[in-house]
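Worksheet: one structure, shown below.
Number of protein chains: 2
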Amino acid sequence: MSLFNFTYTIVGSNRARLGILTTPHGVIETPAFIFCATKASIKGVTPHMMRDADTQIILSNTYHLFLQPGADIVAKAGGLHRFMGWDGPMLTDSGGFQIFSLGHGSVSSEIKGKRNTHRPQTLLKITEEGAKFRSYIDGKIHLLTPEKSIETQVKLGADLIVSFDECTPFNVDKNYTAKSMRMSHRWGVRSLAEFHRLEAEQKQRLYGIIQGGVYEDLRLESCDNVNNYPYFGHAIGGSLGADKTQMYDVVTMTASKLDPKRPIHLLGIGGVKDVFKGVEQGIDTFDCVHPTRLARHGGALVRPPNNTVKRRDNINLNNGWCRDDHTPIEPDCGCYTCSHYSKAYLHHLLKAGELLAHTLITVHNVFFMNRLMKAVRTALSSARLNTIYSDWVNDD
Amino acid sequence: MSLFNFTYTIVGSNRARLGILTTPHGVIETPAFIFCATKASIKGVTPHMMRDADTQIILSNTYHLFLQPGADIVAKAGGLHRFMGWDGPMLTDSGGFQIFSLGHGSVSSEIKGKRNTHRPQTLLKITEEGAKFRSYIDGKIHLLTPEKSIETQVKLGADLIVSFDECTPFNVDKNYTAKSMRMSHRWGVRSLAEFHRLEAEQKQRLYGIIQGGVYEDLRLESCDNVNNYPYFGHAIGGSLGADKTQMYDVVTMTASKLDPKRPIHLLGIGGVKDVFKGVEQGIDTFDCVHPTRLARHGGALVRPPNNTVKRRDNINLNNGWCRDDHTPIEPDCGCYTCSHYSKAYLHHLLKAGELLAHTLITVHNVFFMNRLMKAVRTALSSARLNTIYSDWVNDD
Numbered sequence: 000m001s002l003f004n005f006t007y008t009i010v011g012s013n014r015a016r017l018g019i020l021t022t023p024h025g026v027i028e029t030p031a032f033i034f035c036a037t038k039a040s041i042k043g044v045t046p047h048m049m050r051d052a053d054t055q056i057i058l059s060n061t062y063h064l065f066l067q068p069g070a071d072i073v074a075k076a077g078g079l080h081r082f083m084g085w086d087g088p089m090l091t092d093s094g095g096f097q098i099f100s101l102g103h104g105s106v107s108s109e110i111k112g113k114r115n116t117h118r119p120q121t122l123l124k125i126t127e128e129g130a131k132f133r134s135y136i137d138g139k140i141h142l143l144t145p146e147k148s149i150e151t152q153v154k155l156g157a158d159l160i161v162s163f164d165e166c167t168p169f170n171v172d173k174n175y176t177a178k179s180m181r182m183s184h185r186w187g188v189r190s191l192a193e194f195h196r197l198e199a200e201q202k203q204r205l206y207g208i209i210q211g212g213v214y215e216d217l218r219l220e221s222c223d224n225v226n227n228y229p230y231f232g233h234a235i236g237g238s239l240g241a242d243k244t245q246m247y248d249v250v251t252m253t254a255s256k257l258d259p260k261r262p263i264h265l266l267g268i269g270g271v272k273d274v275f276k277g278v279e280q281g282i283d284t285f286d287c288v289h290p291t292r293l294a295r296h297g298g299a300l301v302r303p304p305n306n307t308v309k310r311r312d313n314i315n316l317n318n319g320w321c322r323d324d325h326t327p328i329e330p331d332c333g334c335y336t337c338s339h340y341s342k343a344y345l346h347h348l349l350k351a352g353e354l355l356a357h358t359l360i361t362v363h364n365v366f367f368m369n370r371l372m373k374a375v376r377t378a379l380s381s382a383r384l385n386t387i388y389s390d391w392v393n394d395d
Numbered sequence: 000m001s002l003f004n005f006t007y008t009i010v011g012s013n014r015a016r017l018g019i020l021t022t023p024h025g026v027i028e029t030p031a032f033i034f035c036a037t038k039a040s041i042k043g044v045t046p047h048m049m050r051d052a053d054t055q056i057i058l059s060n061t062y063h064l065f066l067q068p069g070a071d072i073v074a075k076a077g078g079l080h081r082f083m084g085w086d087g088p089m090l091t092d093s094g095g096f097q098i099f100s101l102g103h104g105s106v107s108s109e110i111k112g113k114r115n116t117h118r119p120q121t122l123l124k125i126t127e128e129g130a131k132f133r134s135y136i137d138g139k140i141h142l143l144t145p146e147k148s149i150e151t152q153v154k155l156g157a158d159l160i161v162s163f164d165e166c167t168p169f170n171v172d173k174n175y176t177a178k179s180m181r182m183s184h185r186w187g188v189r190s191l192a193e194f195h196r197l198e199a200e201q202k203q204r205l206y207g208i209i210q211g212g213v214y215e216d217l218r219l220e221s222c223d224n225v226n227n228y229p230y231f232g233h234a235i236g237g238s239l240g241a242d243k244t245q246m247y248d249v250v251t252m253t254a255s256k257l258d259p260k261r262p263i264h265l266l267g268i269g270g271v272k273d274v275f276k277g278v279e280q281g282i283d284t285f286d287c288v289h290p291t292r293l294a295r296h297g298g299a300l301v302r303p304p305n306n307t308v309k310r311r312d313n314i315n316l317n318n319g320w321c322r323d324d325h326t327p328i329e330p331d332c333g334c335y336t337c338s339h340y341s342k343a344y345l346h347h348l349l350k351a352g353e354l355l356a357h358t359l360i361t362v363h364n365v366f367f368m369n370r371l372m373k374a375v376r377t378a379l380s381s382a383r384l385n386t387i388y389s390d391w392v393n394d395d
């Protein structure tokens, strides 16, 4: 029997589904959130704290690890799981995304269409062969190809890996998007070939990436492409539009055309509202730096009853009103941080510049997202996702 | 029966002793090391990780907490124990030390005689009443007096608190040292009076501070002073000289004249070798930022067999040779970090600027110091402290 498996049950009237994604490092109940251990570390949090916060799966970024410490060091350590002390399921991305977005604006603004800049200067040339770029660490020039990306990801040894693609930016025309997408399709085929040549299926599974920007016909073409190749799962990538409405449209049109037997990952999206919208369309896994990055800036995710500001998913613990507030971030939260610390203490740590602030707020935000996903799964099991929406999202 | 108690057994031929220091928050086996949670947090480490690393007692700095978040906030939180989630024994210093040393050089260089600067500009005036200083946070002017220090420490609520003193700098003459010491004695008497006036003895105990610089007659006068007042314990403060030899001389002359029935703390000293020298002279507790500060710079404490450099107590995990070293900091260490991580991973975290590096190396250094103190206590119990010295210190 394969060490990998994906089973699911459609619930309700749309494509929303409950799934079980089995990997050699454990089982993921879906819908699930994947947390970003960008450089082989969840910033400021140990793997054991991540587990205690009910985390099922994390991801690391091939681009960063390719440059530091390098895949060979990780391979000598016995792979990424052993290197970083995380023994649960893990995903790596292909490295393409960071090559194309790093250096100008944030990774998330790229796919959310917020950027209006030229190509990053660290990206030197894109050809059919691959992407030539300059290391942001030491200035050395590297060529990342589909084969090199897969070779690197095989050395890293995450359970789930992703085919190499060009992440098409938002501000290019349809013609560029189409050409780029078709090259990504060819890169996907080369990724698959390298994956099989290295016999990586003994320990890993490959996701194919859907591109096509905001154009429905291109997205459908890309869905057809990945459906026709033996990918284990599918990841929706590229620009998803200029605003949330367009993003939900793109996700809807894309997810509906993907082979439902394969797990679907939505790359780089993971706001609380986005999770509801994505799950409705059949998205099985999400990843986003938002919960952990927000925490490092003092933002704690809260549900509407614990917030004072409408349309926001978090409270800013730097704010003066927290100074003398001796209650937890969320009184009804069972996380380590809410069980032991007050907003006043977290506010103090932020004011004093103490590292522990990042750790404790990150732990809360991770637990919050895992609690959200659990609530979503529970609601799905009785086909009543909509009934919990207002518990988590304040729309008006 | 009192919630506080100190019992000890003299072992061997000198003053070295094994003790039990009982507080309302638990028992401390001495000799013990006290870790610095300067601003109500061990930088980057949760109290639970401190416990897991066998920590018995921590301290916080009154000066820092006086300025941020202020004693009233901590009092409203239910005291420092609850505020920061540490339920074990705790000590606060008087605040004097930071007033006199902050801003110019490090705290440790002050008592180790390494400074050659004028008074910090944040210190505005010392009078019989107290010390006037400018906040390094918002520039506000504050007056810290013995009464204010004790009031603050009572609000913070640590088990063990310290009388207010002027920490005499190294580069003053004997005349200044003597005058300053006698004022500190008067400040000590006022500290005691305020301590009793506030009925703090219900939950706390007060240490008196010995000053006198490097002058034997002054140290003896200071020992006489504290012995004659009802302090619970004694803390050796002030300048201890220009080098290790002079420091050991000052500690020796001072410790020998202190009432042996009271616990003796050596303020701000805690190198591995210092611990052996201090314990031999009857020191019961040590504190120093060295283990935790060193960790944040990538330095991991190791015993001689695990070091490559003589006369050093640590290895620098930033160094290139760690890049491909897949063994723990110390193969025979049982700490969380050494149980799960290699030098290669910690080196990677440092190179990648990951916060987790500080956390993991601090955990090792804390465990290392606690393991050292345990080894010292075990050796003392069979009166053979000297036989383990070379396991921990590389002198030549």
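Each protein sequence line maps, in turn, to chains A and B. Numbering-wise, numbering that gives the first Met the number 0 puts 158 at position 159 of the first sequence, and it's gapless, one number per residue. Numbering-wise, numbering that gives the first Met the number 0 puts 61 at position 62 of the second sequence, and it's gapless, one number per residue. Beta carbons are placed, not taken as given, at the ideal position from N, Cα and C, and that holds for glycine.
**OP:** Could you give the DSSP three-state label for E165(B): helix, strand or coil?
**Re:** On the second sequence, residue 165(B) is found 166 positions in, with the first residue counted as 1. DSSP, reduced to helix, strand and coil, places E165(B) outside both helices and strands of the structure shown, so it counts as coil.
**OP:** Compute the Euclidean distance between the alpha carbons of R398(A) and L349(A), then round it to the nearest angstrom.
**Re:** Not covered by the structure: residue 398(A). The range shown for chain A is 0 to 395.
Original post:
Whose Cβ in chain A lies nearer than 9 Å to the Cβ of D324(B)?
Top reply: Position 325 of the second sequence, counted from the first residue, corresponds to residue 324(B). Residues of chain A passing the Cβ test: none, with the nearest at roughly 10 Å.
Subject >> Beta-carbon gap between L20(A) and T8(A) smaller than 8 Å >> reply: Looking up residue 20(A) in the first sequence gives position 21. Looking up residue 8(A) in the first sequence gives position 9. No, these two residues do not count as a Cβ contact at 8 Å.
Original post:
What's the C-alpha gap between S107(B) and K243(B)?
Top reply: Looking up residue 107(B) in the second sequence gives position 108. Looking up residue 243(B) in the second sequence gives position 244. Because the pLDDT of S107(B) is 49, which lies under 50, any placement of that residue in the model is unreliable, and the number read from its coordinates should be weighed accordingly. When rounded, the distance between both Cα atoms is 13 Å.
Original post:
Does DSSP put E150(A) in a helix, a strand or coil?
Top reply: As a first step, residue 150(A) is located in the first sequence; it is residue number 151 there, counting from the start. It is helical.
**OP:** Report the neighbours of A351(B) on chain A: residues whose CB is nearer than 7 Å to its CB, in chain order.
**Re:** Your numbering for residue 351(B) matches position 352 in the second sequence. Chain A residues near A351(B): K38 and Q67.
Original post:
In terms of alpha-carbon separation, which member of K260(A), R133(A), P46(A) and I209(A) lies closest to Y335(B)?
Top reply: Start at 1 with the first residue of the second sequence, and residue 335(B) comes out as number 336. Comparing Cα positions, the closest option is P46(A).
Subject >> Opening and closing residue of the alpha helix (DSSP H) in which G270(B) lies >> reply: Here the question's residue 270(B) lines up with position 271 in the second sequence. No alpha helix (DSSP H) contains G270(B), which DSSP labels as neither H nor E.
**OP:** Give the residues from the stretch 330-349 of chain A that approach chain B closer than 7 Å (Cβ to any Cβ), ordered along the chain.
**Re:** Answer in chain order: H339, Y340, S341, A343, Y344, H347 and L348.
Subject >> Cβ of L396(A) within 8 Å of any chain B Cβ >> reply: The structure shown does not extend to residue 396(A), since chain A is modelled only from 0 through 395, so no value can be given for it.
Subject >> Selected residue, minimal CA-CA separation from L359(B), among Y340(B), M368(B), F285(B) and L191(B) >> reply: On the second sequence, position 360 is the one that residue 359(B) refers to. If we check each option's Cα against that of L359(B), Y340(B) comes out closest.
**OP:** State whether the stretch 73-81 of chain A contacts the stretch 172-180 of chain A, with contact taken as three or more CB pairs (one from each stretch) at a distance under 8 Å.
**Re:** Counting Cβ pairs under 8 Å, fewer than three are found: no touch.
**OP:** Please list the partners that M49(A) has in chain B, where partner means a Cβ-to-Cβ separation under 7 Å.
**Re:** Your numbering for residue 49(A) matches position 50 in the first sequence. Residues of chain B passing the Cβ test: none, with the nearest at roughly 11 Å.
Original post:
Can you name the residues of chain A whose CB is closer than 7 Å to the CB of F82(B)?
Top reply: Within the second sequence, residue 82(B) is the residue found at index 83, counting from 1. The answer, in chain order, is Y344.
Subject >> W320(B) burial status per 10 Å Cβ neighbour count (16 or more: buried) >> reply: Numbered from its first residue, the second sequence carries residue 320(B) at position 321. Exposed, by the Cβ-count rule.
Subject >> L90(B) versus E146(B): straight-line alpha-carbon distance, rounded >> reply: By 1-based counting over the second sequence, the position of residue 90(B) is 91. By 1-based counting over the second sequence, the position of residue 146(B) is 147. One C-alpha to the other measures close to 18 Å.
Original post:
Relative to the alpha-carbon of I33(A), which residue among P68(A), T284(A) and P168(A) has its alpha-carbon at the smallest distance?
Top reply: Position 34 of the first sequence, counted from the start, is the residue given in the question as residue 33(A). It is T284(A) whose Cα lies nearest to the Cα of I33(A).
Original post:
Rounded to a whole number of angstroms, what is the C-alpha to C-alpha distance between Q97(B) and E127(B)?
Top reply: In the second sequence, counting from the first residue as 1, residue 97(B) sits at position 98. In the second sequence, counting from the first residue as 1, residue 127(B) sits at position 128. If you take the alpha carbons of Q97(B) and E127(B), they lie about 18 Å apart.
**OP:** Note down the Cα distance separating R118(A) from G333(A), rounded to an integer number of angstroms.
**Re:** Walking along the first sequence from the start, residue 118(A) turns up at place 119. Walking along the first sequence from the start, residue 333(A) turns up at place 334. Only weak support exists for where R118(A) lies, its pLDDT of 47 falling under 50; the coordinates are left without a value.
**OP:** With DSSP as the reference, label V392(A) as helix, strand or coil.
**Re:** The residue given as residue 392(A) occupies position 393 in the first sequence. Correct three-state label for V392(A): coil.
Original post:
What whole-angstrom Cβ distance do T29(A) and L2(A) have, given they're in contact under 8 Å?
Top reply: The residue labelled residue 29(A) in the question sits at position 30 within the first sequence. The residue labelled residue 2(A) in the question sits at position 3 within the first sequence. At roughly 17 Å, the Cβ-Cβ gap does not stay under 8 Å, so T29(A) and L2(A) are not in contact.
**OP:** Whole angstroms is fine: what's the gap from P303(A)'s alpha carbon to T377(A)'s?
**Re:** The count along the first sequence starts at 1 and reaches residue 303(A) at position 304. The count along the first sequence starts at 1 and reaches residue 377(A) at position 378. Going from the Cα of P303(A) to the Cα of T377(A) covers about 19 Å.
Original post:
Can you tell me where the alpha helix (DSSP H) with V26(B) in it begins and where it stops?
Top reply: On the second sequence, residue 26(B) is found 27 positions in, with the first residue counted as 1. Where V26(B) is concerned, there is no enclosing alpha helix (DSSP H), although the beta strand (DSSP E) it sits in stretches over G25 to T29.
**OP:** To the nearest angstrom, report how far apart F367(B) and N227(B) are at their CA atoms.
**Re:** Within the second sequence, residue 367(B) is the residue found at index 368, counting from 1. Within the second sequence, residue 227(B) is the residue found at index 228, counting from 1. Looking at the two C-alpha atoms, the distance is approximately 37 Å.
Original post:
Three or more beta-carbon pairs under 8 Å between the stretch 181-193 of chain B and the stretch 142-162 of chain B, yes or no?
Top reply: yes
Subject >> T8(A): contacting residues in chain B (beta-carbon distance under 9 Å) >> reply: Walking along the first sequence from the start, residue 8(A) turns up at place 9. Within chain B, no residue comes near T8(A); the closest Cβ sits about 37 Å away, beyond 9 Å.
Subject >> Local Cβ density within 10 Å of L58(B), reported as buried at 16 or more and exposed below that >> reply: Counted from its first residue, the second sequence places residue 58(B) at position 59. Classification of L58(B): buried, given that the 10 Å Cβ count is 16 or more.
Original post:
Between D92(B), W85(B), M49(B) and E200(B), which lies nearest to F65(B) when the distance is taken from Cα to Cα?
Top reply: Within the second sequence, the letter at position 66 stands for residue 65(B). It is D92(B) whose Cα lies nearest to the Cα of F65(B).
Original post:
If you measure from the beta carbon of G43(A) to each beta carbon in chain C, is any gap under 8 Å?
Top reply: The structure shown contains no chain C; the protein chains it does contain are A and B.
Original post:
Mapping DSSP to helix, strand and coil, what is C332(A)?
Top reply: As a position in the first sequence, residue 332(A) is number 333, starting the count at 1. Coil at C332(A), not helix or strand.
**OP:** Compute the Euclidean distance between the alpha carbons of A356(B) and G297(B), then round it to the nearest angstrom.
**Re:** Taking the second sequence and counting its residues from 1, the one referred to as residue 356(B) is at position 357. Taking the second sequence and counting its residues from 1, the one referred to as residue 297(B) is at position 298. Taking the straight line joining both Cα atoms gives about 8 Å.
**OP:** In the DSSP assignment, find the alpha helix (DSSP H) that holds H289(B) and state where it starts and stops.
**Re:** Residue numbering aside, residue 289(B) sits at position 290 when the second sequence is read from its first letter. Where H289(B) is concerned, the enclosing alpha helix (DSSP H) stretches over H289 to R295.
Subject >> Sheet register partners of C35(B) (DSSP bridge) >> reply: For the purposes of this step, residue 35(B) is taken as the residue at position 36 of the second sequence. Note: C35(B) sits in a beta bridge opposite L58(B).
**OP:** Have a look at P262(A) and F231(A) and give me their C-alpha separation to the nearest angstrom.
**Re:** Here residue 262(A) is taken as the residue at index 263 of the first sequence, counted from 1. Here residue 231(A) is taken as the residue at index 232 of the first sequence, counted from 1. Spanning the two alpha carbons is a distance of roughly 8 Å.
Subject >> Length of the line joining the Cα atoms of K38(B) and Q152(B) >> reply: Within the second sequence, residue 38(B) is the residue found at index 39, counting from 1. Within the second sequence, residue 152(B) is the residue found at index 153, counting from 1. Pairing K38(B) with Q152(B), the inter-Cα distance amounts to about 14 Å.
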